[in-house]
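Chemist: So for the sequence shown, UniProt numbering puts the first residue at 1; every next one is plus one.
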Amino acid sequence: MSCGGQEPSVLPSRGPECAEVETICLQTGRRHYTGPSDLIGKVRVQPHDPPFHEDLPRLKSLNFCYTLEDVLFEEVKGKDRLTWSVHRPALVFGFSPFSSMNIVRSLCVYASICKHEGKPLMFPGNRQAWDGYWDASDADLIAEHQIWGRRTDTRRTKP
């Protein structure tokens with residue numbers, strides 16, 4: 001969902017029990033660079049070309065990732081001891097029992113069906129998907145990256 005104008009209220013609702021929070025970790029994803037998928041075919045959005053890097057400018061479209069970052073930046077403004085980090089993994093591999101987006105599980109089921117039916121394992125997507133550029137991260141590695149983001153001196157205090 002693009003939700004560019006919708007303000008999430010998670011951070012401003014922090015009560016006194018969260019007064020000791022020192023670091024906020026925000027995980028968004030690839031859509032920061034490519035735009036929201038619900039706008040594909042509806043709005044002309046020129047995505048960035050890979051490889052992506054953190055200092056690319058924002059796309060000229062509504063984007064929930066930008067809204068989340070703006071809420072984060074507003075929350076940390078003037079709070080020098082409150083640091084933050086933003087992590088943008090694209091395709092996440094790892095244990096996810098209830099996610100329909102679990103590509104590893106989906107490919108394993110597909111491979112099992114092909115084997116059971118005696119058919120060759122063929123790429124199930126189109127040419128664009130085959131030739132496309134995708135980066136993937138392991139869920140455990142992303143968690144380690146977020147811990148590193150908390151412990152390192154590269155944590156941000158200003159957007």
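In this text, a Cβ means the ideal position worked out from N, Cα and C, and glycines have one as well.
Remember, it's a predicted structure, so these values are computed and weren't measured experimentally.
In this structure, how does DSSP classify A139 when only helix, strand and coil are distinguished?
Modeler: Taking the sequence shown and counting its residues from 1, one reaches residue 139 at position 139. Helix at A139.
Chemist: For a quick check, are the C-beta atoms of C65 and T28 less than 7 Å apart?
Modeler: Numbered from 1 along the sequence shown, position 65 holds the residue referred to as residue 65. Numbered from 1 along the sequence shown, position 28 holds the residue referred to as residue 28. A contact, by the Cβ cut-off of 7 Å.
Chemist: Around the Cβ of L62, are there at least 16 other Cβ atoms within 10 angstroms (buried) or fewer (exposed)?
Modeler: Numbered from 1 along the sequence shown, position 62 holds the residue referred to as residue 62. Its Cβ being crowded by 16 or more others within 10 Å, L62 is buried.
Chemist: On the three-state DSSP scale, how would you describe S85?
Modeler: As a first step, residue 85 is located in the sequence shown; it is residue number 85 there, counting from the start. Strand at S85.
Chemist: Express the C-alpha separation of W134 and residue 182 in angstroms, rounding to a whole number.
Modeler: In this structure the chain extends from 1 to 159, so residue 182 is not present and cannot be described.
Chemist: Locate the alpha helix (DSSP H) running through V76, then write down its first and last residues.
Modeler: Here residue 76 refers to the residue found at position 76 when the sequence shown is read from its first residue. From DSSP, the alpha helix (DSSP H) with V76 extends over F64 to V76.
Chemist: Going by beta carbon distance, what residues of the same chain come within less than 6 Å of L82, once the five residues before and after it are set aside?
Modeler: As a working note, residue 82 is residue 82 in the sequence shown. The answer, listed in chain order, is V76.
Chemist: Where does the unbroken alpha helix (DSSP H) through L59 begin, and where does it stop?
Modeler: One-based indexing of the sequence shown puts residue 59 at position 59. Here L59 belongs to no alpha helix (DSSP H), and DSSP marks it neither H nor E.
Chemist: G35: buried (16+ other C-beta within 10 angstroms of its C-beta) or exposed?
Modeler: Counted from its first residue, the sequence shown places residue 35 at position 35. By the neighbour-count rule (16 or more Cβ atoms within 10 Å), G35 is buried.
Chemist: Tell me, to the nearest whole angstrom, how far the beta carbon of Q146 is from that of C18; I am working on the premise that it is less than 8 Å.
Modeler: Along the sequence shown, read from residue 1 onward, the residue named residue 146 stands at position 146. Along the sequence shown, read from residue 1 onward, the residue named residue 18 stands at position 18. So it is not a contact: roughly 18 Å between Cβ atoms.
Chemist: Taking DSSP's pairing of strands, which residues face Q27 in a bridge?
Modeler: As a first step, residue 27 is located in the sequence shown; it is residue number 27 there, counting from the start. H87.
Chemist: Check whether the Cβ atoms of P89 and I142 sit closer than 7 Å, and answer yes or no.
Modeler: Stepping through the sequence shown from its first residue, residue 89 is reached at position 89. Stepping through the sequence shown from its first residue, residue 142 is reached at position 142. Yes, the pair counts as a contact, with Cβ atoms nearer than the cut-off.
Chemist: Any idea what DSSP makes of V109, helix, strand or coil?
Modeler: Counted from its first residue, the sequence shown places residue 109 at position 109. In this structure, V109 counts as helix in the three-state DSSP scheme.
Chemist: Any idea which residues DSSP pairs V92 with across the strands?
Modeler: For the purposes of this step, residue 92 is taken as the residue at position 92 of the sequence shown. In DSSP, V92 forms a bridge with S137.
Chemist: Please tell me whether V92 and S37 are closer than 7 Å, where the distance is taken between their beta carbons.
Modeler: Here residue 92 corresponds to residue number 92 of the sequence shown, with the count starting at 1. Here residue 37 corresponds to residue number 37 of the sequence shown, with the count starting at 1. Cβ atoms of V92 and S37: not closer than 7 Å.
Chemist: How many angstroms separate the CA atom of G118 from the CA atom of L107?
Modeler: For the purposes of this step, residue 118 is taken as the residue at position 118 of the sequence shown. For the purposes of this step, residue 107 is taken as the residue at position 107 of the sequence shown. Distance between the alpha carbons of G118 and L107 is about 16 Å.
Chemist: In or out: G125 buried (at least 16 other Cβ within 10 Å) or exposed?
Modeler: In the sequence shown, the residue the question calls residue 125 occupies position 125. Result: exposed.
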